[in-house]
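A quick write-up on the structure given underneath.
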Amino acid sequence: SQTNITVASDATWPPMEYVNKDKTITGFAPELLAAMEKVSDIKFDIRNTAWDGIFAGLAAGKYDMIASSVSITDVRKKVMTFSDPYFEVKQGVIAKKGANIKSKADLAGKKAGAQIGTTGFLVTRKIKGVTMKSYDEIGLAVEDLYNGRIDVVVCDDAVAADYALTNEQYSKDLSLAFLLKSDTPEYLGFAFKKGASQDKLKLVNDALKKVKESGEYDRIFNKWF
Amino acid sequence: MKATDAIIQIKDVYKYFGNLCALDDINLDISPGEKVVVIGPSGSGKSTMLRSINRLEEIDKGHIIIDGKDINDRDNDINAIRQELGMVFQSFNLFPHKTVLGNLMMAPMKLKKLSKNEAEKIAMELLHKVGISDKAHVYPKMLSGGQQQRVAIARALAMNPKIMLFDEPTSALDPEMIGEVLDVMVNLAKEGMTMVCVTHEMGFAREVADKVIFMDKGKIIETGTPEHFFSAPEHDRTKLFLSQIL
Amino acid sequence: MKATDAIIQIKDVYKYFGNLCALDDINLDISPGEKVVVIGPSGSGKSTMLRSINRLEEIDKGHIIIDGKDINDRDNDINAIRQELGMVFQSFNLFPHKTVLGNLMMAPMKLKKLSKNEAEKIAMELLHKVGISDKAHVYPKMLSGGQQQRVAIARALAMNPKIMLFDEPTSALDPEMIGEVLDVMVNLAKEGMTMVCVTHEMGFAREVADKVIFMDKGKIIETGTPEHFFSAPEHDRTKLFLSQIL
Amino acid sequence: MADKSHPINIEVGDGAAIPVKKDKGLVNAWSISFFGAIGCIIYLCLVDPDMYWEVLKFLPDGILVTFQVTIASIFLSLIIGLFTGLGRISDNKIINTVASTYVEIVRGIPLLVQLFYIYYALGRFEFLQISELPSAIIAMGICYGAYMGEVFRAGIASIDKGQGEAARSLGFNKTQTMFMVILPQSWKTILPPVGNEFIALLKDSSLVSILAVADILRRGREFASVTFSYFEAYTMVALVYLVITLILSKAVSKMEERLNYYEGY
Amino acid sequence: MADKSHPINIEVGDGAAIPVKKDKGLVNAWSISFFGAIGCIIYLCLVDPDMYWEVLKFLPDGILVTFQVTIASIFLSLIIGLFTGLGRISDNKIINTVASTYVEIVRGIPLLVQLFYIYYALGRFEFLQISELPSAIIAMGICYGAYMGEVFRAGIASIDKGQGEAARSLGFNKTQTMFMVILPQSWKTILPPVGNEFIALLKDSSLVSILAVADILRRGREFASVTFSYFEAYTMVALVYLVITLILSKAVSKMEERLNYYEGY
Ligand SMILES: Nc1ncnc2c1ncn2[C@@H]1O[C@H](COP(=O)(O)OP(=O)(O)OP(=O)(O)O)[C@@H](O)[C@H]1O
Ligand SMILES: Nc1ncnc2c1ncn2[C@@H]1O[C@H](COP(=O)(O)OP(=O)(O)OP(=O)(O)O)[C@@H](O)[C@H]1O
Ligand SMILES: [Mg+2]
Ligand SMILES: [Mg+2]
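Chains as they are written, first to last, in the numbering used here: chain A, 79 to 303; chain B, 81 to 326; chain C, 81 to 326; chain D, -19 to 245; chain E, -19 to 245.
Shown next as structure tokens:
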């Protein structure tokens, strides 16, 4: 018997999840989900959803699960249930080359950009002396950095690396300046509505475990990073 | 004549527009077949009275009883009563989105549920009667004012009303067209229709009116035959008015 | 009179509106101090001719020379030439956002760079002259038509023009106000102003005109003294027209 | 509002600039803009096909979604607008106040805020758990319903009072009079502004991209977010919108001409 | 467009519904909406201060930014609009076509797309490396300049031709005539639609939140993204916008009344 799980994903977060030129949602997470489908009876239906409001949609029951690089945090755990972690992230800081930003201390008095409601946004707004700007998409923040309207962009390290290094245009000007250290490691998980879909959660956790054990996880990881 | 014979009874009627008393204690009985012409200076309440008979104006006090039914009584279906009353307006008010025939057939078909054929037959007869059967398939705006007004009369007649109300039917017309409309009205009168006409066409009044009513400032000042008005009007106000319009 | 003496020379002027020939080979010389009255049926081109003198209409062929300067020559500053020409319109065209005094002072102050005091002095003198100095601080819409037109004349005079052009200055006025405007114009004429007036006030023409011009279909048909027109007009067209307006 | 209390009332609609014949400037501008836009698209695609042709290929289903949203919303807003318009002229105080308050509130809140609000607020109700396309359409329909209401109201008010009186005096009731006499006449007045609102709605439908509805703008943003070519993507998106609205505004202008010259009545 | 070719021309502005006196329904609706909104805000803050009061405290600097953007953009758009309006009525074919094309293009592209485009395109030019607030203002100003241009054009066209002729015949040149005679008269006609556009612009300024400008809407979204209280945050944002636009629409209606009864001239 097959279980259908509708999944929301803000596919503007390369290389974790994004829309490729064939208009299909791809990236690390979607491939992970595909691998999980193969080892279980789950059928994922991934829907592109705007980040701002992605949690509201989950609460409203518009989909069963979010697979969109959601960091597992205490605040979030209060309003949603997470699967086992599927990825470890650090917050990366992108700055212009030669901007002389090398540590958290250098951020004082600077303008920082991040995608609204992401860990990067939540962490950075707590750093003293930083003017915070929130964007709908991380790409818009990077573009504003490139255009000189802000000094740094804070986001998941994998995403930061992707923007700073793989894009030709940006890589001339931008670099991944440093990683924001945090006391506890930060993990990504699949988010479920609090109290609902316990059976689906279990299925997902089981499938994730199988993928990790089979080595398929490492294969996908190595493909993308 | 007993009051109960009257097809229109207007009893102690008052109508205010704000502080203005447009109808001031109007009493009037009209018998079946009677032809009443209403005259009076501008703003004297002639239109208001005529429109009240049709409940196009809501009166503030008194009663208007048409064919035994109080038109302001919520128990009586005003739409049914209105079917008994044909009204012709100064500005014709033909429906511009319908042909002449469409104008005549619409109400009988929708309200009396006549079939298209029946309605068309009646409509064509009436168009013959008012002398413009050749314009049946034309839109109103292609007609002259006089032709439009004759269509308007025919449209009112298509509902086979017991009473016809005319509010200055010829005053928006060029002089050369007044005659053709009055002819239709005279014929209608001769056929025995009950008619209430606001008009200053005194030739028409003399020819058909049983009764002429002179209004001023919302009141009926003087009532009489046309001859009475031409020869010996009582009131100064009436004399003055007649000297102006004749 | 030599042509070069003329303050206004209109030479072989044509003006078309699309296919319509509004001015058809107009030739006219006006000497300093001369008073010309232009008459003719509606649409004959009177206004067009007057407006062309001021270049409010651009002519298509020919020359109009004011005080020696060809007004259609790009080398001549039309705005300077226009200051020599006062114009009075049928519809007054006072500036509604300025008081009467403001209307009179605006052009002298902005264009002749007069001081406020100088401009006000001239303005008040002119208002005296046209007999409405008591209305100096009132806005135009508070004035009667006759008063407005007198202000309009004063406004034109405030620029101290050499020539005054009038386009039916009294035809938008109620009859009782025509006199007061004509009086102002007659006085102006007596002071020796060069004037071109389109008007059908033949009393005025008889009193002041040195020359009357009759136009029809864009052509000047007949020219003469007022007496000539009243007693012995030559052309049939002129006779017909005069019989209508007199 | 078609308010007659002013001698002259200027209202600039939120639609496109309709190139009506008597406005020569606009007619010329239309041609320049339209052929210019088409020319730009072709030129860019030829010169830098890797970029612009790729964007262009990425957009078509977005265009379809934009049209779906626009057409469905306009239908919904016409229905809401009809009732609102009737409510706004109703003698019944309660109906009138409800309709007027709806108009006042909807016109008082930014469309974007309403979209967010309706989208997420609707989501709160379990039985309204509908996907984003229908929610977006409902939200747009509710917003534009208020504007359409004013269009209907003005259209109805433009019909001579005598028409209604003539119908009533024949014995038609209020509803019959409205639907058989007044509305059939007012469509001539209503149609051009509806055409205008259609264009305005098409443009505003770009806001639903924020709800991740995959319309033209969303597709463009998605393309940009992968290729980092914001400039190129937005250039193409803007040109595509321009071509579409220009075609529509030409259609509206043709329709207005037709209506003006229509000799039927 | 204030187009006179139609017998009746309905245009529903994109501003708020102005509660003019003769529209009793709207006047009532205004009171209900306004006091209702204020009441709601107070009630919600009292009943659930942890949530609603917190949102409200989060918004004030956003309100300030919204006003900054609105006021600065309207000034810019008035300047652009004046020149556009003059260009649109100019006899000079080139100027006329440029102005008309500007209007046609700007009105043909969704505001959101233009904002994105102008904001990010401006950013690409080194010498235009200006911060987001000025960029947003420039973008809004350019967009609304086209609408203002039509307002000016219509306002100028509403002045009797005789006024210009009288001024020219006194010797004023074209520019003097325009600035000393025509424009001073047309402000009465221009002011009400400008008030309307002001409200429309204030509402549309919510779009700059997409450019990460910290206006009311952005602040509300930031609050929601941290606390996950989308419903509460958007409710408050909507109510705050409603209160602001209702106050402004009342002000515009008062201004219209004043202008109508102004007896100066
Ligand atoms: N809808 C209305 N609202 C306010 N006052 C009205 C209205 N209709 C009529 N009146 C006023 O009522 C008075 C009577 O008007 P009515 O139209 O009955 O006069 P009338 O005798 O028909 O005049 P006329 O010969 O000019 O048609 C007039 O003073 C008129 O101004
Ligand atoms: N701006 C215009 N465009 C097109 N045709 C015009 C224009 N102005 C005038 N005409 C036409 O030119 C002709 C002459 O007009 P003009 O106003 O000079 O006549 P007129 O003698 O002053 O008549 P009236 O006594 O009616 O003022 C008329 O046929 C008129 O219709
Ligand atoms: Mg009457
Ligand atoms: Mg003339």
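The beta-carbon is built from N, C-alpha and C at its ideal position, and this holds for glycine as well. Predicted model only: the values in this text are computed from it and were never measured.
Around ligand 1, what residues have a beta-carbon under 5 Å from a heavy atom of it, in chain order? Spelled out in chain order, the answer is Phe97/B, Ala102/B, Ser122/B, Gly123/B, Ser124/B, Gly125/B, Lys126/B, Ser127/B, Thr128/B.
**Message:** Let me check understanding here. Comparing Cα to Cα, which of Thr157/E, Thr50/E, Arg198/E, Tyr82/E lies closest to Ile179/E?
**Reply:** As a working note, residue 179/E is residue 199 in the fifth sequence. Of the candidates Thr157/E, Thr50/E, Arg198/E, Tyr82/E, Thr50/E places its Cα closest to the Cα of Ile179/E.
Any chance the CB of Val0/D is under 8 Å from a heavy atom of ligand 2?
Here residue 0/D is taken as the residue at index 20 of the fourth sequence, counted from 1. Result no, Cβ not under 8 Å from ligand 2.
Identified DSSP bridge partners for Lys141/B: To locate residue 141/B, count along the second sequence from 1; it is residue 61. Beta-bridge pairing links Lys141/B to Tyr94/B.
Excluding the 5 residues flanking Ser149/E on each side, which residues of the same chain have their C-beta closer than 6 Å to its C-beta? For the purposes of this step, residue 149/E is taken as the residue at position 169 of the fifth sequence. Within the same chain, Ser149/E has no close Cβ partners at all.
Check the C-beta distance from Gly217/A over to Thr84/A and give it rounded, since I have them as a contact under 8 Å.
Position 139 of the first sequence, counting from 1, holds the residue named residue 217/A. Position 6 of the first sequence, counting from 1, holds the residue named residue 84/A. Rounded, the Cβ-Cβ distance is 25 Å, inconsistent with contact.
*asked:* Alpha carbons only, please: which of Ser323/C, Glu248/C, Leu207/C, Asn240/C is nearest the one belonging to Val231/C?
replied: Locating residue 231/C in the third sequence gives position 151, where the first residue counts as 1. Of the listed residues, the one whose Cα sits closest to Val231/C is Leu207/C.
Check this for me: beta carbons of Phe310/B and Phe294/B, under 9 Å apart or not? The residue labelled residue 310/B in the question sits at position 230 within the second sequence. The residue labelled residue 294/B in the question sits at position 214 within the second sequence. Pairing Phe310/B with Phe294/B gives a Cβ-Cβ distance that is not under 9 Å.
Please report how far the alpha carbon of Leu100/B lies from the alpha carbon of Gly125/B, in whole angstroms.
-> By 1-based counting over the second sequence, the position of residue 100/B is 20. By 1-based counting over the second sequence, the position of residue 125/B is 45. Leu100/B and Gly125/B: Cα-Cα distance of roughly 11 Å.
Would you say the beta carbon of Gly144/E is closer than 8 Å to some non-hydrogen atom of ligand 2?
As a position in the fifth sequence, residue 144/E is number 164, starting the count at 1. Every heavy atom of ligand 2 is 8 Å or more from the Cβ of Gly144/E, so no.
**Report entry** Same chain, Cβ closer than 6 Å to Lys168/D, five either side skipped, listed in chain order
**Finding:** By 1-based counting over the fourth sequence, the position of residue 168/D is 188. Correct list, in chain order: Leu239.
**Asked** Nearest CA to the CA of Gln228/B: which residue from Glu205/B, Glu260/B, Glu200/B, Met204/B?
**Response** Within the second sequence, residue 228/B is the residue found at index 148, counting from 1. Looking only at Glu205/B, Glu260/B, Glu200/B, Met204/B, the smallest Cα-Cα distance to Gln228/B is reached by Glu260/B.
Taking C-beta pairs closer than 8 Å, name the residues in chain D that Arg162/B reaches, listed in chain order.
Translated into the one-based positions of the second sequence, residue 162/B becomes position 82. Those within 8 Å of Arg162/B in chain D are Arg148, Ser149, Leu150, Gly151.
I'd like to confirm the pairing. Which residues does DSSP put opposite Tyr213/A in its beta bridges?
Counting from one through the first sequence, the residue named residue 213/A turns up at place 135. DSSP links Tyr213/A through a beta bridge to Gln193/A.
Apart from the five residues on each side of it in sequence, which residues of its chain come closer than 6 Å, Cβ to Cβ, to Ala213/D? Here the question's residue 213/D lines up with position 233 in the fourth sequence. Excluding residues within five positions, the ones whose Cβ falls inside 6 Å are Val35, Gly200, Phe203, Ala204.
**Prompt:** According to DSSP, is Thr305/C helix, strand or coil?
**Reply:** As a first step, residue 305/C must be located in the third sequence, where it is residue number 225. For Thr305/C, the secondary structure class from DSSP, reduced to helix, strand or coil, is coil.
Quiz prompt | For Met160/E, the nearest candidate out of Ala203/C, Glu314/C, His177/C, Asp296/C (CA to CA) | solution = Looking up residue 160/E in the fifth sequence gives position 180. Nearest of Ala203/C, Glu314/C, His177/C, Asp296/C to Met160/E, Cα basis: His177/C.
I'd like to confirm the pairing. Which residues does DSSP put opposite Asp150/C in its beta bridges?
Numbered from 1 along the third sequence, position 70 holds the residue referred to as residue 150/C. Per DSSP, Ile145/C.
Just to check my reading of the structure: Leu245/B and Val264/B have Cβ atoms closer than 8 Å, yes? What is that Cβ distance to the nearest angstrom? Sequence index remark: in the second sequence, residue 245/B carries index 165 (1-based). Sequence index remark: in the second sequence, residue 264/B carries index 184 (1-based). Contact between Leu245/B and Val264/B does not hold, since the beta-carbon distance rounds to 15 Å and is not under 8 Å.
### Task
Name, please, each residue of chain B whose Cβ falls closer than 7 Å to the Cβ of Val174/D.
Along the fourth sequence, one-based indexing puts residue 174/D at 194. Near Val174/D there are no residues of chain B at all, since even the closest Cβ is about 18 Å away, more than 7 Å.
Among Pro241/C, Gly272/C, Thr318/C, which has the Cα closest to the Cα of Pro188/C? Counted from its first residue, the third sequence places residue 188/C at position 108. The candidate whose alpha carbon is nearest that of Pro188/C is Pro241/C.
message: Following a CB-centred definition, is Asp92/C positioned closer than 8 Å to any heavy atom of ligand 3?
response: What you label residue 92/C is simply residue 12 of the third sequence in a count that begins at 1. For Asp92/C, the distance from the CB to the nearest heavy atom of ligand 3 is not below 8 Å.
> Looking at the structure shown, is Arg125/A part of a helix, part of a strand, or coil, going by DSSP?
Replying inline: Locating residue 125/A in the first sequence gives position 47, counting from the first residue. Residue state, collapsed to three classes: strand.
Beta-carbon proximity check, Leu254/A vs Ala274/A, cutoff 9 Å: Within the first sequence, residue 254/A is the residue found at index 176, counting from 1. Within the first sequence, residue 274/A is the residue found at index 196, counting from 1. Taking 9 Å as the Cβ cut-off, Leu254/A and Ala274/A do not qualify as a contacting pair.
Exercise for the section: Measure from the alpha carbon of Met272/A to the alpha carbon of each residue in Lys168/A, Ala173/A, Phe160/A, Lys288/A, then state which is nearest. Expected result: One-based indexing of the first sequence puts residue 272/A at position 194. Note that residue 272/A is Lys in the sequence shown here, rather than Met. If we check each option's Cα against that of Lys272/A, Phe160/A comes out closest.
Q.
Check this for me: beta carbons of Ala186/A and Gly207/A, under 9 Å apart or not?
A. Mapped onto the first sequence, residue 186/A falls at position 108. Mapped onto the first sequence, residue 207/A falls at position 129. Going by C-beta atoms, Ala186/A is nearer than 9 Å to Gly207/A.
Practice task
Compare the beta carbon distance of Asp140/B and Ile161/B with 9 Å and say whether it is the shorter of the two.
Solution key: Along the second sequence, one-based indexing puts residue 140/B at 60. Along the second sequence, one-based indexing puts residue 161/B at 81. Cβ distance not < 9 Å, so Asp140/B and Ile161/B don't count as in contact.
First and last residue of the uninterrupted beta strand (DSSP E) at Gln80/A = Counting from 1 along the first sequence, the entry for residue 80/A is found at position 2. Counting along the chain, Gln80/A falls outside any beta strand (DSSP E), and DSSP gives it neither H nor E.
Using 8 Å as the cut-off, classify the Cβ of Met100/C as near or not near the heavy atoms of ligand 2, replying yes or no.
-> As a first step, residue 100/C must be located in the third sequence, where it is residue number 20. Inspection of the sequence shows that residue 100/C is occupied by Leu rather than by Met. Indeed, a heavy atom of ligand 2 lies less than 8 Å from the Cβ.
- Between Lys270/B and Ala238/B, what straight-line distance do the alpha-carbon atoms span, to the nearest angstrom? For the purposes of this step, residue 270/B is taken as the residue at position 190 of the second sequence. For the purposes of this step, residue 238/B is taken as the residue at position 158 of the second sequence. Spanning the two alpha carbons is a distance of roughly 18 Å.
Open item on the list: Among Val232/E, Ala192/E, Met216/E, Glu236/E, whose alpha-carbon lies nearest the alpha-carbon of Ile22/E?
Closed with: The sequence position of residue 22/E within the fifth sequence is 42, counting from 1. From the listed residues Val232/E, Ala192/E, Met216/E, Glu236/E, the smallest Cα separation to Ile22/E is found for Met216/E.
Option in Thr81/A, Gln80/A, Ala86/A with minimal Cα separation from Ser111/D | For the purposes of this step, residue 111/D is identified with residue 131 of the fourth sequence, where counting begins at 1. For Ser111/D, the nearest C-alpha among the options comes from Ala86/A.
For Asp296/C, is the beta carbon positioned less than 8 Å from some heavy atom of ligand 4? Stepping through the third sequence from its first residue, residue 296/C is reached at position 216. No, ligand 4 has no heavy atom inside 8 Å of this Cβ.
Original post:
Since Ala236/A is in the beta strand (DSSP E), which residue starts that stretch and which ends it?
Top reply: Position 158 of the first sequence holds residue 236/A. Where Ala236/A is concerned, there is no enclosing beta strand (DSSP E), although the alpha helix (DSSP H) around it starts and stops at 235 to 239.
For the region 205 to 238 of chain E, list every residue whose C-beta sits within 8 Å of some C-beta in chain D, in sequence order. Among the residues of the region 205 to 238 of chain E, those with a Cβ less than 8 Å away from any Cβ of chain D are Tyr210, Phe211, Tyr214, Thr215, Val217, Ala218, Tyr221, Leu222, Thr225, Leu226, Ser229, Glu236, in the order of the chain.
- prompt: Nearest to Phe169/C by CA position, among Lys201/C, Ala203/C, Thr128/C, is which residue?
  reply: For the purposes of this step, residue 169/C is taken as the residue at position 89 of the third sequence. Closest option to Phe169/C, Cα to Cα, is Thr128/C.
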